[in-house]
Structures are given as structure tokens and as C-alpha cells.
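Quick mapping for you: the protein sequence lines, in order, are chains Y and E.
Each residue of the first sequence is one higher than the last, beginning at 0 in numbering that gives the first Met the number 0.
Each residue of the second sequence is one higher than the last, beginning at 0 in numbering that gives the first Met the number 0.
Backbone N, C-alpha and C define an ideal beta-carbon position, used for all residues, glycine too.
Only a predicted model underlies this, so the values are computations on that prediction, with no experimental measurement involved.
There are 2 protein chains.
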Amino acid sequence: MDIEKALLERRTIRLYQQKPVPVEDLRFMIDAARQTSSASNLQRLRFVVATSPSVVNEMLAKTAWAALVKPRRTPVAGETGPAAFIAVTVPAGFNHIVAADAGAAIQSMQLAAWSRGLGCCWIASIDKAAMKQILRVPEEREVLFVVSVGYPAEAPRSEEVHSVDQLAYYLDESNRLHVPKLALEEISVWM
Amino acid sequence: MDIEKALLERRTIRLYQQKPVPVEDLRFMIDAARQTSSASNLQRLRFVVATSPSVVNEMLAKTAWAALVKPRRTPVAGETGPAAFIAVTVPAGFNHIVAADAGAAIQSMQLAAWSRGLGCCWIASIDKAAMKQILRVPEEREVLFVVSVGYPAEAPRSEEVHSVDQLAYYLDESNRLHVPKLALEEISVWM
Numbered sequence: 000m001d002i003e004k005a006l007l008e009r010r011t012i013r014l015y016q017q018k019p020v021p022v023e024d025l026r027f028m029i030d031a032a033r034q035t036s037s038a039s040n041l042q043r044l045r046f047v048v049a050t051s052p053s054v055v056n057e058m059l060a061k062t063a064w065a066a067l068v069k070p071r072r073t074p075v076a077g078e079t080g081p082a083a084f085i086a087v088t089v090p091a092g093f094n095h096i097v098a099a100d101a102g103a104a105i106q107s108m109q110l111a112a113w114s115r116g117l118g119c120c121w122i123a124s125i126d127k128a129a130m131k132q133i134l135r136v137p138e139e140r141e142v143l144f145v146v147s148v149g150y151p152a153e154a155p156r157s158e159e160v161h162s163v164d165q166l167a168y169y170l171d172e173s174n175r176l177h178v179p180k181l182a183l184e185e186i187s188v189w190m
Numbered sequence: 000m001d002i003e004k005a006l007l008e009r010r011t012i013r014l015y016q017q018k019p020v021p022v023e024d025l026r027f028m029i030d031a032a033r034q035t036s037s038a039s040n041l042q043r044l045r046f047v048v049a050t051s052p053s054v055v056n057e058m059l060a061k062t063a064w065a066a067l068v069k070p071r072r073t074p075v076a077g078e079t080g081p082a083a084f085i086a087v088t089v090p091a092g093f094n095h096i097v098a099a100d101a102g103a104a105i106q107s108m109q110l111a112a113w114s115r116g117l118g119c120c121w122i123a124s125i126d127k128a129a130m131k132q133i134l135r136v137p138e139e140r141e142v143l144f145v146v147s148v149g150y151p152a153e154a155p156r157s158e159e160v161h162s163v164d165q166l167a168y169y170l171d172e173s174n175r176l177h178v179p180k181l182a183l184e185e186i187s188v189w190m
């Protein structure tokens, strides 16, 4: 897939087809994360890839989704749930530089997934203590974010807006998600 | 450019050809940032794009580069300096979620640049107070990171390693930068 297409057309996916994700595609996602910029090249991120349905469903129960359109974009295990989760762990007591590294690696993973026909949702609203236990994360690390992965069963649409008062995403009468994005002119200054 | 190529082959570039960057390519970078995931779709990042040589050189003087190979990967204005900088600003008192958003947007911008034949360096070691003044950033915001942009005058190489004791990047006898990256097996657990 052309990178321009992926960068401009990728969208967050919250409803999934009930179809497994090839291990090779998940490995490509981790490989993309691995080659992402890392502050001082310290590579402090680690990844737990969960594909076993019992683990995936346990994780799903510890996540919260799309508050503004609840519960219509909260996937249901066995119906619209993801096929996999990738948890991103960081050293306990991490700082904002490590958080930025995590964001960069997650964006690479989302683009890698999209290029293989997969969709992701990057989730910060998680029960961290429960995730740590489910994934047997070592004492000295914590789960910062999780990313769900699966074949899309929705097609959200981005639309350009010009004010921060218009950022609320919404579902239209055909149950399609619309995601307002500020126009280039609103977010950049040139000098 | 194929996205697989960009995700796996992109490298940080710190030495640049003395050649301007097309405005269209910088706009594509901002567009890629604009379509990147943003927590709760709040879009709290703003971007200052500097291409005027006087501003770029003022900014360059307020950055620190590649500590382990100093000063051989510190670009020099008019010789190896970048053609542009993009500063990423965030609300003052930002949290780690906003920092993660910034990391994700920066990774999108770096991939967009790479697809146009450009290289970037994501820089956290900056004099934030000076940057704020140079870029006339509003009182209620701060400069979190800057990204340099230009046509590459170096070709760093990634190499696979298996221990965190081997992460120090280095220059070889031909002045090529080598960047050790942990193998997939070292950074991921599958369950």
C-alpha cells in the first residue's frame, strides 16, 4: 500500500469481523514498532501480543471505548470484538519521553496493520492493574496502552472542521462514525 | 513509496544537503499529523513550521544532537544544517497522554517526509524557553519537541542486536552511523 494512502486514510476501527489475524501481520506490526524512533535509542518499550481468545476477551473486559457514542462503539466479544490485542509496556515511573516513544511506536503499528487490511484502536482507558495481572507483566513494568487489532467491520469517515468546538465525533443515521479533524490552517503557523 | 519500505527502512537523519524543502512536502507532513490518532479526538497539538533561514538557524542553536557521537552528528548551519524545523506545541501542564499524541504525530510526519525523499530528526533536547520566544508561542502553550527536516547527507544503518547492553549507536571508520535495534524476540511476548 502506498504510504500516502495509509497516512491520510487510516482511521481508528472499533468494530471487527470475527476472523483471526495472521501471525505474520502481527509480527510486521512489532517490526514496524521496533524500527520506530526511540529517545536516545534506549528502546524502553516492550510488547505483549495476545491472540488467544480467552486472553483477548479478558483484556476486552478491562477496556473502555469511545465515550461519546457509548455503547455503540464498544465491541462485544464473539460478535464485534477484536481478534488480538497488543499491549505496550513501559518501565514503572516512566516519563513523558517514554510516553512519546509509545505513541510513535503505536502509530507505526497502526499504519502497518492498515497496510495489511487490518484496523486498530489505540486505547488508554484501561484497568492497568488488571492488565498487568492478565498479561503477567513483570513487577518493574506497567501497561501504558493497549491496541486492539482485527479486520474492520465499520468504515469511519474523517471530515474537516475549523473550530475546536466542532471536535465531537458522532454516528449518523446509517450508524457510520464521523471524525471531525481541524483543518491544516487551524493547527499550523508558518514562519 | 510503499509503506512497508518506509516503516522498515526510515532512519533518523542528522546531516543535510543544503537545498530547500518544497512547501508542498511540509504541508503533506502536517496533513499526516492531522490525520494521526488523537486521544478522545481532542487534537491538542499545534505545529510551527519554520523555513526562513534566520529562524531555522536560531532554532538550530537551541538544540542538542546525538550525545554519543558528539559533535560529528551535530549539523552546522550553512554546511550540514536542516532546511526546516517543525515545532510541536502542547498546552502548558500537558500530561503523558498529550506527549503520546505528539509522538504519534511526529512518527506520521517522519514517515511522510521519508516518502518524499526527506529525512528528519526528532529532538527533545531543546532550550524550551528560547524556542517559545523564537517561535512566538502563546503564553498558555509550550514547545515539547522539534523535528528537523531536509534532504539526507548521510545514510545510517540499523542492525539487529540481542541485549540492552548493545544499544549504543556508533560511527564506523567511513563515518557511517550504525543504530542497534533489539530483535523482535527480545521486545515481544506472545500469548
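If you run the structure through DSSP and keep just helix, strand and coil, what is residue i?
i, result
"V20 (chain E)", "coil"
"F27 (chain Y)", "helix"
"D171 (chain Y)", "coil"
"P70 (chain E)", "coil"
"E78 (chain Y)", "coil"
"I85 (chain Y)", "strand"
"R9 (chain Y)", "coil"
"K4 (chain Y)", "helix"
"A204 (chain E)", "Because chain E is modelled from 0 through 190, residue 204 (chain E) falls outside the range shown and cannot be assessed."
"L59 (chain Y)", "helix"
"L183 (chain Y)", "helix"
"H161 (chain E)", "coil"
For residue i, is the classification buried or exposed, using 16 other Cβ atoms within 10 angstroms of its Cβ as the cut-off for buried?
i, result
"L44 (chain Y)", "buried"
"R135 (chain Y)", "exposed"
"L14 (chain E)", "buried"
"L41 (chain E)", "exposed"
"S162 (chain Y)", "exposed"
"V89 (chain Y)", "buried"
"G149 (chain E)", "buried"
"V22 (chain E)", "exposed"
"Y169 (chain Y)", "exposed"
"S147 (chain Y)", "buried"
"Q165 (chain Y)", "exposed"
"A98 (chain Y)", "buried"
"A167 (chain E)", "exposed"
"Y156 (chain E)", "Note that residue 156 (chain E) is Arg in the sequence shown, not Tyr. Answer is exposed; the Cβ neighbour count stays below 16."
"D171 (chain Y)", "exposed"
"A154 (chain E)", "exposed"
"S187 (chain E)", "buried"
"A66 (chain E)", "exposed"
"A60 (chain Y)", "exposed"
"A32 (chain E)", "buried"
"V114 (chain E)", "Checking the displayed sequence, the identity of residue 114 (chain E) turns out to be Ser instead of Val. S114 (chain E) is buried by the Cβ-count criterion."
"R107 (chain E)", "The identity of residue 107 (chain E) in the sequence shown is Ser, whereas the question assumes Arg. Classification for S107 (chain E): buried."
"A91 (chain Y)", "exposed"
"A111 (chain E)", "buried"
"A63 (chain E)", "exposed"
How would you list, in chain order, the residues of chain B whose beta-carbon sits under 7 Å from the beta-carbon of residue i?
i, result
"A5 (chain E)", "Here chain B cannot be found, since the structure's protein chains are Y and E."
Complete runs of the alpha helix (DSSP H) confined to the stretch 105 to 156 of chain Y [at least 4 residues]: Taken in chain order, the unbroken stretches of alpha helix (DSSP H) that lie wholly in the stretch 105 to 156 of chain Y and span 4 residues or more are 127 to 133.
Are at least three pairs of beta-carbons, each pair with one atom in the stretch 84 to 103 of chain E and one in the stretch 34 to 45 of chain E, less than 8 Å apart? Counting C-beta pairs with one atom in each stretch, the stretch 84 to 103 of chain E and the stretch 34 to 45 of chain E have three or more that are closer than 8 Å, which means they touch.
At least 3 beta-carbon pairs within less than 8 Å: the stretch 179 to 189 of chain Y vs the stretch 124 to 133 of chain E: No: fewer than three Cβ pairs fall under 8 Å.
Pair every Cβ in the stretch 74 to 92 of chain E with every Cβ in the stretch 45 to 58 of chain E, then say whether three or more of these pairs are closer than 8 Å. Between the stretch 74 to 92 of chain E and the stretch 45 to 58 of chain E there are three or more inter-stretch CB-CB distances shorter than 8 Å, so the stretches are counted as touching.
Hey, is the stretch 142 to 160 of chain E in contact with the stretch 140 to 148 of chain Y, meaning 3+ C-beta pairs nearer than 8 Å? Contact between the stretch 142 to 160 of chain E and the stretch 140 to 148 of chain Y is absent: fewer than 3 CB-CB pairs across the two stretches fall below 8 Å.
The stretch 145 to 169 of chain E: which residues have C-beta closer than 7 Å to a C-beta of chain Y, in chain order? Cβ contacts with chain Y come from S157, L166, Y168.
Short-range partners of chain Y found in the stretch 90 to 102 of chain E, where Cβ spacing is below 9 Å: Look at the stretch 90 to 102 of chain E: the residues with a C-beta under 9 Å from a C-beta of chain Y are F93, N94, H95, I96, V97, A98, A99, D100, A101, G102.
Proximal residues, the stretch 169 to 182 of chain E versus chain Y, C-beta separation under 9 Å: Those would be V178, P179, K180, L181, A182, in chain order.
Touch test, the stretch 115 to 122 of chain Y against the stretch 166 to 178 of chain Y, Cβ-Cβ under 8 Å, three pairs minimum: Between the stretch 115 to 122 of chain Y and the stretch 166 to 178 of chain Y, the count of Cβ pairs shorter than 8 Å is below three; the stretches do not touch.
Taking any Cβ of chain Y, which residues in the stretch 12 to 23 of chain E have a Cβ under 9 Å from it, in chain order? Correct list: V22.
Pair every Cβ in the stretch 63 to 76 of chain Y with every Cβ in the stretch 6 to 23 of chain Y, then say whether three or more of these pairs are closer than 8 Å. Taking 8 Å as the limit for Cβ pairs, the verdict is that the stretch 6 to 23 of chain Y does touch the stretch 63 to 76 of chain Y.
Using Cβ-Cβ distances below 7 Å, what residues of the stretch 48 to 61 of chain E are close to chain Y? With the criterion set as a beta carbon lying under 7 Å from some beta carbon of chain Y, the members of the stretch 48 to 61 of chain E are V48, A49, S51, V54, in sequence order.
If contact means a Cβ-Cβ distance below 7 Å, which residues of the stretch 105 to 125 of chain Y contact chain E? Under the 7 Å Cβ criterion, the stretch 105 to 125 of chain Y contributes I105, Q106, S107, Q109, L110, A111, S114, W121, A123.
Could you run through the stretch 23 to 38 of chain E and flag, in chain order, every residue whose CB is less than 9 Å away from some CB of chain Y? Answer in chain order: L25, R26, F27, I29, D30, A31, A32, R33, Q34, T35, S36, S37, A38.
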